[in-house]
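Everything on this sheet refers to the single structure shown next.
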Amino acid sequence: MQGMSDFPRWRYFLVAVVLIAGTLYALPNLYIPKPAVQVAATHSAAVDQALQQKVTAALQAAKIAYLDTSLKHDVTHGDSILIGFANGDLQKAAADALKPVLGDDYTAAFNLQSTVPAWLTAIGGRPMPLGLDLQGGVRFLMAVDQDDVVDKQEIRYTQDIASLLKGKKISFVSVARDPTRGQGVNVVLGSAADRSAASDAIATEFTDLNVTDGASTGNRFVLNASIKPNKLRDLATGAIRQNLATLNNRINALGVSEPVIQAQGEDHISVELAGVQDPAEAKKVIGATATLEYVAGLGDARDPAVQDAVKTGNVPPDAHLYYNREGAPFLVSKSIIATGDELVDASSGNDQQSGSPSVNVTLNSAGAAKMLDFTRDNVGKPMAVVYVESTTDTKIVDGKEVRTPKTTYQVINYATINGVFSNKFQTTGLGSAKEASELALLLKGGSLAARMDIISEGVIGPSLGQDNIDKGLKAVMLGLGLVLLAAAIYYKLFGLVADIALFFNLVILVAVMSMVGVTLTMPGIAGIVLTLGMAIDANVLICERVREELRNGSTPLAAIRAGYEKAWATILDANVTHLIAALALTTMGSGPIKGFGVTLLIGILTSMFTSVTVTHAITALIHHGRKLKTLSV
Amino acid sequence: MEIFNHNSNIHFLGIRKFTVGLAVLLMVASVALLGTRGLNYALDFTGGISAEVAYDNPVSIEDVRTALDKGGIQNAVVQSMGGTRSVLIRFQTKDDTHYTQPAGPSLNLDLIASDVAKALQAPRPDAKIASRSYVSPQVGEQLRSDGVTAAIFVIIGIGVYLWIRFERRFAFAALATEVHDVLVTLGVISLVQREFDLTVLASVLAVIGYSINDKVVVFDRIRELFRSSRKAEPEEVLNRSINSTLSRTIITSLFTSIAMAALYFFGGPSVHGFAITMLIGILVGTLSSIFVASPILLWLGVSKKDLMPVTKENPELARRP
Chain A
1 MQGMSDFPRW RYFLVAVVLI AGTLYALPNL YIPKPAVQVA ATHSAAVDQA LQQKVTAALQ
61 AAKIAYLDTS LKHDVTHGDS ILIGFANGDL QKAAADALKP VLGDDYTAAF NLQSTVPAWL
121 TAIGGRPMPL GLDLQGGVRF LMAVDQDDVV DKQEIRYTQD IASLLKGKKI SFVSVARDPT
181 RGQGVNVVLG SAADRSAASD AIATEFTDLN VTDGASTGNR FVLNASIKPN KLRDLATGAI
241 RQNLATLNNR INALGVSEPV IQAQGEDHIS VELAGVQDPA EAKKVIGATA TLEYVAGLGD
301 ARDPAVQDAV KTGNVPPDAH LYYNREGAPF LVSKSIIATG DELVDASSGN DQQSGSPSVN
361 VTLNSAGAAK MLDFTRDNVG KPMAVVYVES TTDTKIVDGK EVRTPKTTYQ VINYATINGV
421 FSNKFQTTGL GSAKEASELA LLLKGGSLAA RMDIISEGVI GPSLGQDNID KGLKAVMLGL
481 GLVLLAAAIY YKLFGLVADI ALFFNLVILV AVMSMVGVTL TMPGIAGIVL TLGMAIDANV
541 LICERVREEL RNGSTPLAAI RAGYEKAWAT ILDANVTHLI AALALTTMGS GPIKGFGVTL
601 LIGILTSMFT SVTVTHAITA LIHHGRKLKT LSV
Chain B
1001 MEIFNHNSNI HFLGIRKFTV GLAVLLMVAS VALLGTRGLN YALDFTGGIS AEVAYDNPVS
1061 IEDVRTALDK GGIQNAVVQS MGGTRSVLIR FQTKDDTHYT QPAGPSLNLD LIASDVAKAL
1121 QAPRPDAKIA SRSYVSPQVG EQLRSDGVTA AIFVIIGIGV YLWIRFERRF AFAALATEVH
1181 DVLVTLGVIS LVQREFDLTV LASVLAVIGY SINDKVVVFD RIRELFRSSR KAEPEEVLNR
1241 SINSTLSRTI ITSLFTSIAM AALYFFGGPS VHGFAITMLI GILVGTLSSI FVASPILLWL
1301 GVSKKDLMPV TKENPELARR P
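The listed protein sequences correspond, in order, to chains A and B.
The opening position of the first sequence corresponds to residue 1 in my numbering, with each subsequent residue numbered one higher.
The opening position of the second sequence corresponds to residue 1001 in my numbering, with each subsequent residue numbered one higher.
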């Protein structure tokens, strides 16, 4: 007779541990988060008890009942006030009521407040995040500013042509951008010979430019170099592609799973962030098209020219008057040395000399060459780093939305160039370690090829999501229930054992998905139902084998033993092939397909454990040490 | 309880010319359908229109849907945009020249938007289109090519595994049947013109997984019987393998179908396509496991000696005298 040796003690222990851990880590999903509204500051406005009182007073005035409010301190994301509500309608009403009260300095966003007990959170238990289709999320539509692409290129060519002519020692009167965008660069030369030499030099060096002779008057020989039309088209599609890639990187850095980032039409990009109920946070990273500009510094607050510019408003024609975060004025050159486009990497750290927070920047070769050129001639002179942030203000004027693009420039660093450098250097003078890491994250995410403005933004309400959750839950429960019933009827006791295993399969699947942090979507739920339907296959294989062995005259315990042993090889082969299919879904698929594939992949692995090991443990436990004449299979 | 007579020995291979002929016919018909009728690609693949509508006073999703239906805009997806006063409408314009600009293939968004506005303003004059946009078809092209890449990856991956674990002929038989299952499933979807969206694509890929699972069980039994029987007439062994796994083949499809039916009836419209595709795939996959895979294996000339060298893998055999 076969005894405990069939199923050693350590494996009982393993099964028990896995089942208990599975139950614990699946548990957080049963605590339904309550709808909440999160109030956060857009820039640096204070989030304190005064604001909390203002919020509660506004809610009381609007007669909207709330459950609780709390002031959350968060170092990485900034402080916020979270107000919990009994239902989604109250949440919506509160958000609508709070927006006009709070004004531009604060955002009132939908959020969810976890109700998972502290002890579960303490052991690392957390519910699965829900997808856009289950809980709503944030949706943005952005317009890519194609004019900006042309501007940047023409400014770049203006500088490059000037330095090319200097390098070739061709004397010229002036090199300037044509006042009309897209018309290229106008070069004025002193003689026809110079013009033809310049024309040849430019055409050879810059193959993307069309070089034509312009009208000449007296000793002004004009040459026009404009970007070829097909190059302009390439630039436009390239800008969209680079912006898409940049957004992908930035959003990955945000930690949002299954983001849907799509090109819409010629110059629009839409972003859907499931699970993000706080547009402000996402907007900070996506919308704020932050870039850096490295420019020559022309003077700081001590400089009389700067003081004069501040007083009179008369800024020299080749300079901009910008301020730093403390409000100190600076004059900086209009010509840009390098921009965020040319940035390869940025990481935050601490300056080795002062220990203050810094961002270490690496430039590409084009940027490095320009930086080298500039620093070689300007050691000991100041260089400024300007942080350019573009946002779009939306105001309601006479019932119509009026959008005004707003670009803010801030000098974040103004320092003396200590030495000649090219591709690697450091930016210091940042306020805090948090600020340094935020800036590094924005820059590292890749720079945008062209400015983008958020032209549409919305939060997808949870009502549709709740509807889907209800339906999905019903489908999972009924699917599971029907399969359980069918198995119990068809395989009697063995069917019931399989049922217990199938139930735990759901529990462990949910636990693993929660621990991995898989975002649950409707396709994911479909994957769960499919997994449950297919997981029973292993038990069908085992039960059919046991029946066969019994028919062939084996004793009940020998039949169980042979049944499990012979079925295992088949189960393994069948599951490995199935696993290959699921793997392809996760690695090659996009968005929703991936969610489904991940669910299927985890489901196949958990079902192999529950259908074989768990049922074997229970079967061994039931039949161990008993004299059996028949098996209930 | 037992539905199937365990002593059944139906001569499935006896009708192999008929069954495989039928399978080939179905495949040809499916390819013809896909070539002529094509798939009814959904918004995910074709691109389409989306519009944000703002109301001065709260509105319910149902009212918006009814208004759109009455205004001639069918199959629109209506979602709340947060708050109770703004909704997002997504829909697809069918081959309607009315909406196509004379200049080129791009849609006349303004015309569509004004039609949507008219439809919504009939019952609710306070409806205003806040923004409008369309999903470009390039996005769909990317998705389609991703789907095809995934399918090819799956088929090759499974082929290589079967080649290593079983034998070359098993890999070929499985792949041929796999291609049949995918084509016929797609053919049925094309025939009934069910919308082919992302979830349906996922489902088609899952059908490959399900169906291969089914075939491997039969193949496993074929290998086992070849190794254990003394005189192994291929036709006899294959037939016995199909029969002894028949109960499992059908019970498993039945159980999985029950789960998929639950998903279809209770999971809501967003998973309808997934469930129905899976149900079609399960039926096609089960039938091909019984009637198509083994005949192909027989024609490829599988025999006992091809499967013998790897005895170490079967401890049951190793123990025998």
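Every residue gets a Cβ at the ideal spot worked out from N, C-alpha and C, and that includes glycine.
Predicted, not measured: the structure shown is a model, and the values here were computed from it.
Nearest residue (CA-CA) to residue i, options the options
{"i": "proline 179/A", "options": "Ala198/A, Glu154/A and Arg195/A", "result": "Glu154/A"}
{"i": "valine 379/A", "options": "Val385/A, Met371/A and Asp194/A", "result": "Met371/A"}
{"i": "proline 117/A", "options": "His616/A, Ala57/A and Ile32/A", "result": "Ile32/A"}
{"i": "asparagine 324/A", "options": "Asn413/A, Gly125/A, Val359/A and Ile64/A", "result": "Asn413/A"}
{"i": "methionine 477/A", "options": "Met1278/B, Ile1280/B, Ile1296/B and Ala1259/B", "result": "Ala1259/B"}
{"i": "glycine 167/A", "options": "Gln353/A, Ile202/A, Glu342/A and Ala94/A", "result": "Ile202/A"}
{"i": "glutamate 544/A", "options": "Lys231/A, Val138/A, His623/A and Gly563/A", "result": "Gly563/A"}
{"i": "leucine 1201/B", "options": "Gly595/A, Thr613/A and His623/A", "result": "Gly595/A"}
{"i": "alanine 65/A", "options": "Pro523/A, Pro28/A, Leu90/A and Pro100/A", "result": "Leu90/A"}
{"i": "leucine 493/A", "options": "Gly625/A, Asn314/A and Ile618/A", "result": "Ile618/A"}
{"i": "leucine 473/A", "options": "Val546/A, Thr521/A, Ala538/A and Ala535/A", "result": "Thr521/A"}
{"i": "serine 1241/B", "options": "Phe1255/B, Gly1267/B, Arg1227/B and Phe1219/B", "result": "Phe1219/B"}
Length of the line joining the Cα atoms of residue i and residue j
{"i": "alanine 1119/B", "j": "valine 1087/B", "result": "14 angstroms"}
{"i": "serine 1060/B", "j": "histidine 578/A", "result": "44 angstroms"}
{"i": "alanine 338/A", "j": "arginine 181/A", "result": "21 angstroms"}
{"i": "isoleucine 508/A", "j": "phenylalanine 1091/B", "result": "39 angstroms"}
{"i": "valine 1184/B", "j": "asparagine 1009/B", "result": "28 angstroms"}
{"i": "threonine 570/A", "j": "asparagine 1243/B", "result": "16 angstroms"}
{"i": "valine 1216/B", "j": "tryptophan 1299/B", "result": "18 angstroms"}
{"i": "leucine 98/A", "j": "valine 55/A", "result": "7 angstroms"}
{"i": "alanine 108/A", "j": "threonine 291/A", "result": "27 angstroms"}
{"i": "threonine 1245/B", "j": "valine 37/A", "result": "57 angstroms"}
{"i": "valine 1292/B", "j": "leucine 1225/B", "result": "19 angstroms"}
{"i": "asparagine 1239/B", "j": "histidine 1011/B", "result": "6 angstroms"}
{"i": "isoleucine 469/A", "j": "arginine 1168/B", "result": "46 angstroms"}
{"i": "threonine 217/A", "j": "tyrosine 157/A", "result": "24 angstroms"}
Residue i, buried or exposed, once every other Cβ within 10 Å from all chains shown has been counted against 16
{"i": "serine 1106/B", "result": "Summary for serine 1106/B: the model assigns pLDDT 40, below 50, so the residue's position carries little reliability, and this model does not support an answer."}
{"i": "leucine 235/A", "result": "buried"}
{"i": "alanine 1122/B", "result": "exposed"}
{"i": "asparagine 1007/B", "result": "exposed"}
{"i": "glutamine 60/A", "result": "exposed"}
{"i": "methionine 1001/B", "result": "exposed"}
{"i": "lysine 1070/B", "result": "exposed"}
{"i": "lysine 471/A", "result": "buried"}
{"i": "glutamate 1062/B", "result": "exposed"}
{"i": "lysine 92/A", "result": "buried"}
{"i": "histidine 73/A", "result": "exposed"}
{"i": "alanine 46/A", "result": "exposed"}
Check whether residue i and residue j have beta carbons under 8 angstroms apart
{"i": "aspartate 1338/B", "j": "alanine 1042/B", "result": "Nothing about residue 1338/B can be read from this structure; chain B reaches only from 1001 to 1321."}
{"i": "tyrosine 1055/B", "j": "alanine 1127/B", "result": "yes"}
{"i": "asparagine 210/A", "j": "lysine 228/A", "result": "yes"}
{"i": "alanine 501/A", "j": "serine 611/A", "result": "yes"}
{"i": "serine 1190/B", "j": "glycine 1038/B", "result": "yes"}
{"i": "arginine 1065/B", "j": "valine 1053/B", "result": "no"}
{"i": "valine 185/A", "j": "serine 174/A", "result": "no"}
{"i": "isoleucine 1164/B", "j": "glutamate 1178/B", "result": "no"}
{"i": "glycine 465/A", "j": "leucine 134/A", "result": "yes"}
Residues bridged to residue i (per DSSP)
{"i": "alanine 41/A", "result": "Tyr106/A"}
{"i": "isoleucine 227/A", "result": "Leu209/A"}
{"i": "histidine 268/A", "result": "Ala143/A and Gln264/A"}
{"i": "tyrosine 323/A", "result": "Pro329/A and Gln410/A"}
{"i": "alanine 1127/B", "result": "Tyr1055/B"}
{"i": "leucine 71/A", "result": "Ile81/A"}
{"i": "tyrosine 294/A", "result": "Ala338/A and Val385/A"}
{"i": "glutamate 1195/B", "result": "Asn1040/B"}
{"i": "alanine 176/A", "result": "Asn186/A"}
Neighbour flag for residue i against chain C, beta carbons, 8 angstroms
{"i": "glutamate 326/A", "result": "Of the chains in the structure shown, none is chain C; the protein chains are A and B."}
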